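What follows is a set of notes on a single structure, which appears directly below.
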Amino acid sequence: MAHKSIDNAFTAQTIKGAATDPTHAGALSFMRRLYSKDVSNADAVVWGIPFDAAVSNRPGARFGPQAIRRAAAIFDNDPQYPFQRDLFENLAVIDYGDCLLDYGNHQLTPATIEQEAAKLITNDAFLVSLGGDHFVTWPILKAHAAKYGPLALVQFDAHQDTWFDDGKRIDHGSFVARAVRDGIIDPTASIQIGIRTHAPEDCGIQILYGHDVEDMSTKDIVQAIETRTQGRKTYVTFDIDCLDPAYAPGTGTPVAGGPSSAKMLSVLRQLGKIDIIGADIVEVAPAYDHADITAIAGATIAMHYLGLLAEKKAAR
Numbered sequence: 060m061a062h063k064s065i066d067n068a069f070t071a072q073t074i075k076g077a078a079t080d081p082t083h084a085g086a087l088s089f090m091r092r093l094y095s096k097d098v099s100n101a102d103a104v105v106w107g108i109p110f111d112a113a114v115s116n117r118p119g120a121r122f123g124p125q126a127i128r129r130a131a132a133i134f135d136n137d138p139q140y141p142f143q144r145d146l147f148e149n150l151a152v153i154d155y156g157d158c159l160l161d162y163g164n165h166q167l168t169p170a171t172i173e174q175e176a177a178k179l180i181t182n183d184a185f186l187v188s189l190g191g192d193h194f195v196t197w198p199i200l201k202a203h204a205a206k207y208g209p210l211a212l213v214q215f216d217a218h219q220d221t222w223f224d225d226g227k228r229i230d231h232g233s234f235v236a237r238a239v240r241d242g243i244i245d246p247t248a249s250i251q252i253g254i255r256t257h258a259p260e261d262c263g264i265q266i267l268y269g270h271d272v273e274d275m276s277t278k279d280i281v282q283a284i285e286t287r288t289q290g291r292k293t294y295v296t297f298d299i300d301c302l303d304p305a306y307a308p309g310t311g312t313p314v315a316g317g318p319s320s321a322k323m324l325s326v327l328r329q330l331g332k333i334d335i336i337g338a339d340i341v342e343v344a345p346a347y348d349h350a351d352i353t354a355i356a357g358a359t360i361a362m363h364y365l366g367l368l369a370e371k372k373a374a375r
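When you read off a place in the sequence shown, starting at 1, and then add 59, the result is the number in our numbering.
Dropping the structure here:
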């Protein structure tokens, strides 16, 4: 046991290197990363946003960050599949914990999230956000656009989220329309993958519907993303309901006819050419989950974000 760790989330002496906690025990941070509020030396920061007051159907995504962290315990100290490497050998990653939100005053939520996100990316750390419902992406996008300028958006989702609102609503179905209207994202460089509903507007964003994804190869989907984003700085948002409910039952608005987790993870794996500057995984609602199916998918998506980042750093 001399080379084993326990509670690495608190006892780690460095923000690099694999943990060796038992899968069934130890403090549950994301992939056993050190809990820290010091982001000065971090290449990437994992951050939870436990908010679900914007949902239009089933609530519960406020418990998403907890569920994703718990599911991430299965990623032990072995080289991570499919990246064939210890992601943290050279990549410095911390778990910053969660955003503190006033559950009784939701109008403060957008500014609170935006301000904290802006602080976390000040030193160019890559921010991986764990939702929470999809409204949380709106203030995160604002923080990133303030730093990088108008962004390309790659959105994995069953819903377009392009319902127009008055700019004040707390609603998980309108953040994309708002981001286009306010110049936060460039619709001509943005793409949505897996859409299985209709909204009044597409806002000029390219859509790969669920039936398109079903017929396309992974290579073709990746090519469409690369072509659309045009080498621009890109934010990736993954609503877990992009996946068919067979692979992600634990979400607020499940829609049948979606792709498998295997196919979408294969797409993510091949996005190494995209200039991704931030990413999130949202809408994991564990109360509707079974055997952590959805949480495991969510944790694996977040791990892929870090895997791509680790590869890029190793190639420098």
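All C-beta atoms, glycine included, are put in the ideal place defined by N, C-alpha and C.
Being a predicted model, the structure only gives us computed values, none of them experimental.
For Leu327, I'd like the list of residues in its chain whose CB is within less than 7 Å of its CB, leaving aside the five on either flank, ordered along the chain. Close CB contacts of Leu327 within its chain, under the 7 Å cut and outside five residues either way in sequence, are with Ile360 and His363 (chain order).
On the DSSP letters alone, give me the boundaries of the alpha helix (DSSP H) that Ser26 sits inside. Residue 26 lies beyond the stretch modelled for the chain, which goes from 60 to 375, so this question has no answer here.
Cα separation between Leu186 and Val114? Whole-angstrom Cα-Cα distance: 23 Å.
By the three-class DSSP mapping on this structure, what secondary structure does Ile196 have? Checking the displayed sequence, the identity of residue 196 turns out to be Thr instead of Ile. In this structure, Thr196 counts as helix in the three-state DSSP scheme.
First and last residue of the alpha helix (DSSP H) that includes Lys371? Looking at the DSSP string, the run of the alpha helix (DSSP H) that includes Lys371 is Ile352 to Ala374.
So, is Asn67 buried or exposed, given that buried needs 16 or more other C-beta atoms within 10 angstroms? Flag for Asn67 reads buried.
Looking at the structure shown, is Phe69 part of a helix, part of a strand, or coil, going by DSSP? DSSP places Phe69 in helix when its eight states are reduced to three.
Which residue from Asn149, Ala217 and Asp303 puts its Cα closest to that of Ala356? The candidate whose alpha carbon is nearest that of Ala356 is Asp303.
Taking all protein chains shown into account, do 16 or more other C-beta atoms lie within 10 angstroms of the C-beta of Leu150, making it buried, or fewer, making it exposed? Per the 10 Å Cβ criterion, buried.
For the stretch 81-89 against the stretch 126-137, do three or more pairs of beta-carbon atoms, one drawn from each stretch, fall closer than 8 Å, so that the two count as touching? Yes: the two stretches touch, three or more of their Cβ pairs being nearer than 8 Å.
The stretch 211-219 / the stretch 176-186 touching (three or more Cβ pairs under 8 Å): No, the stretch 211-219 is not in contact with the stretch 176-186.
Reference Gln251; option with closest CA among Asp241, Glu260 and Gln265: Measuring from the Cα of Gln251, the nearest candidate turns out to be Gln265.
Going by the DSSP bridge assignment, what does Lys292 pair with across the sheet? Answer is Asp334.
With a CB to CB cut of under 8 Å and the five nearest residues on each side skipped, what residues in its chain are close to Gly156? Within the same chain, and ignoring the five residues on either side of Gly156 in sequence, the residues whose Cβ sits closer than 8 Å to its Cβ are Tyr94, Lys96, Trp106 and Gly107.
Just the C-alpha distance for Ala71 and Thr79, rounded to the nearest angstrom, thanks. About 11 Å.
Just to confirm the assignment, what range does the alpha helix (DSSP H) spanning Ala77 have? First-last for Ala77: undefined, no H or E at that position.
Kindly indicate which three-state DSSP category Ile180 falls into: helix, strand or coil? If DSSP states are grouped into helix, strand and coil, Ile180 belongs with coil.
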